[in-house]
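*Asks:* Encoded as C-alpha cells, here's the structure I'll be asking about.
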Amino acid sequence: MPKKVVVGSRKGGVGKSTMAYEVAYVLGAVLVDFEWDGDSVSRRWGYRHEERATDPLMAALDKGRTPRVLKGFRKPDLVPGSPLLLDATLTPDEFADAIAKWAEEWGRDLVVDTHPGASASAHGAMSVADVICVPTGLKTGDLNGTEQMVKEMLDYPLVIVPNMVRRVPPAAEIKRLTSIVEGTPVRVGPPIPFVGAVEVRKRRIAMTAENPVPRAILKVVDAYRDLGAFVQEYVS
Ligand SMILES: Nc1ncnc2c1ncn2[C@@H]1O[C@H](COP(=O)(O)OP(=O)(O)O)[C@@H](O)[C@H]1O
Ligand SMILES: [Mg+2]
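This note's numbering puts the first residue of the sequence shown at 60, with every later residue one more than the last.
If you want it as C-alpha cells, here you go:
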C-alpha cells in the first residue's frame, strides 16, 4: 500500500515546504503541492503556473481524475499547485478521497505540502495521512501552535519535527516540547538544524540530491536523510 505523508502546521515560515521537498525526494515519493501562493514547492521546482495554459491540479480535482505527474531530475516528481486552490469549493472529504485515489493509482508514496492554517485541502489530506510531519521551531510562538494542534488532533498520526534548531538548543523549549507530547501517542522526530546556507540557496535540485553534498548544507542533508528513515519506519 502506498503511503501518504502530509507536512502541515498552523504557522507559515516554519519550514513546511522545504521539509516536503526533501522528504519527498528522500522517499522517492510524488510531491503534491496544496499551497496556493507564496514560495511554494512548485515554484522552487521551476514550475510557473502563469506560463501554463492548463491547470493540472484543478482539472484533476474538478473532474475526479488522477493528475499526471511531472518528472523531476534530482528533485521530486511533482503535481504542481494552483492559485485557484484558494477558491476551490471541495470539501475536506473530497480532498481526502482524491489523495487516497491518486496514491493508489500511481502505486507510489506521496508527500503533500499544505498551506499554513486551516483549509479544506490541508484537513482532507491530513485525514488520510499515514503520518503528518509538523515542523516546529523551538520558540514560544511555534510551540503554542504545536500544543494547540496536538490537543485538537490527538487521534492523528502526528510527528513533531523540531526545525531550524540552533547549535545550542534552548533547554526550556525542549522541556516544553517534551511535556506537550508526554502521555500522548504523538512522536518527536529527528531535529533539523538551522543552516544559514539553506535560506539563500537558489538551486532547484533537492539538497538531499546534491552529490557531492556541499559542506555548508551537509548537516541539514544528514538530518533530512534521518527524517526520511524515521518516516519510513513510522509508516511501516
Ligand atoms: N533548516 C533550515 N535552516 C535555515 N533556514 C531554513 C531551513 N529550512 C527552511 N529554511 C528557510 O526558512 C524559510 C521558510 O521555509 P519554508 O519551507 O518556505 O516554510 P513554510 O513552507 O512553512 O512557509 C525559507 O526561507 C527557507 O529557506
Ligand atoms: Mg510553504
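Idealized CB from N, CA, C, for every residue including glycine.
May I ask which residues mark the beginning and end of the beta strand (DSSP E) holding P249?
*Replies:* Per DSSP, P249 belongs to no beta strand (DSSP E) and is neither H nor E.
*Asks:* Using a C-beta cutoff of 8 angstroms, does K134 count as contacting chain B?
*Replies:* Looking at the structure shown, chain B is missing, and only one protein chain is on hand.
*Asks:* Short check: CB of A162 to CB of K63, under 8 angstroms?
*Replies:* Yes; because the gap between Cβ atoms is below 8 angstroms, this pair is in contact.
*Asks:* Going by CA-CA distance only, name the one from H108, N222, A159 that's closest to V257.
*Replies:* It is N222.
*Asks:* Under the assumption that P61 contacts G166 (Cβ atoms under 8 angstroms), give the Cβ distance between them as a whole number of angstroms.
*Replies:* Confirmed, Cβ separation roughly 6 angstroms.
*Asks:* Is it the case that the CB of K75 approaches a heavy atom of ligand 1 more closely than 7 angstroms?
*Replies:* The answer is yes for K75.
*Asks:* Measuring alpha carbon to alpha carbon, tell me which residue in E292, P216, R127 is nearest T113.
*Replies:* Comparing Cα-Cα distances from T113 to each of E292, P216, R127, the minimum goes to R127.
*Asks:* Can you check which of these residues, G196, V240, E232, is closest to L217 by C-alpha distance?
*Replies:* Of the listed residues, the one whose Cα sits closest to L217 is V240.
*Asks:* State the Cα-Cα distance for the pair D92 and S186, rounded to the nearest angstrom.
*Replies:* Straight-line Cα distance between these residues: approximately 16 angstroms.
*Asks:* Using the C-alpha atoms, what's the distance from G255 back to R284?
*Replies:* Whole-angstrom Cα-Cα distance: 19 angstroms.
*Asks:* Could you check if D281 belongs to the surroundings of ligand 2, using beta carbon to heavy atom distance under 7 angstroms?
*Replies:* Flag unset: Cβ of D281 not near ligand 2.
*Asks:* Specify the secondary structure class of V193 as computed by DSSP and reduced to three states.
*Replies:* Three-state DSSP puts V193 in a strand.
*Asks:* Going by DSSP, name the residue or residues bridged to L90.
*Replies:* Answer is L137, V170.
*Asks:* For F154, count neighbouring Cβ atoms within 10 angstroms of its own Cβ and tell me buried if that reaches 16, exposed if not.
*Replies:* When all chains shown are included, F154 counts as buried.
*Asks:* Report back the beta-carbon spacing between G287 and L137 to the nearest angstrom; my notes put them in contact at under 8 angstroms.
*Replies:* Not a contact, Cβ separation roughly 18 angstroms.
*Asks:* Among residues of its own chain, excluding the 5 on either side of T243, which ones have a beta-carbon nearer than 8 angstroms to its beta-carbon?
*Replies:* Within the same chain, T243 has close Cβ partners V209, L213.
*Asks:* Between the Cα of C192 and the Cα atoms of V290, V280, H108, D121, which residue gives the shortest distance?
*Replies:* The shortest C-alpha separation from C192 is found at V290.
*Asks:* How should A118 be labelled, buried or exposed, when 16 other C-beta atoms within 10 angstroms of its C-beta is the threshold for buried?
*Replies:* A118 should be labelled exposed.
*Asks:* Decide if K144 is buried, meaning its Cβ has at least 16 other Cβ atoms within 10 Å, or exposed.
*Replies:* One point to set straight first is that residue 144 is Leu, not Lys, in the sequence displayed. Looking at its Cβ environment, which holds 16 or more other Cβ atoms inside 10 Å, L144 is buried.
*Asks:* For A177, is the classification buried or exposed, using 16 other Cβ atoms within 10 angstroms of its Cβ as the cut-off for buried?
*Replies:* A177 should be labelled exposed.
*Asks:* Is the beta carbon of P194 less than 8 angstroms from the beta carbon of K75?
*Replies:* Result yes, Cβ atoms of P194 and K75 sit closer than 8 angstroms.
*Asks:* Let me check one thing: in DSSP terms, what residues is L120 bridge-paired to?
*Replies:* In the DSSP output, where bridge partners are listed per residue, L120 has none listed.
*Asks:* List the DSSP bridge partners of P115.
*Replies:* Note: P115 sits in no beta bridge, so no partner.
*Asks:* Per DSSP, what kind of secondary structure is L217 in: helix, strand or coil?
*Replies:* The answer is strand: DSSP assigns L217 an E or B state.
*Asks:* Cβ atoms of V190 and V294: under 8 angstroms apart, would you say?
*Replies:* Result yes, Cβ atoms of V294 and V190 sit closer than 8 angstroms.
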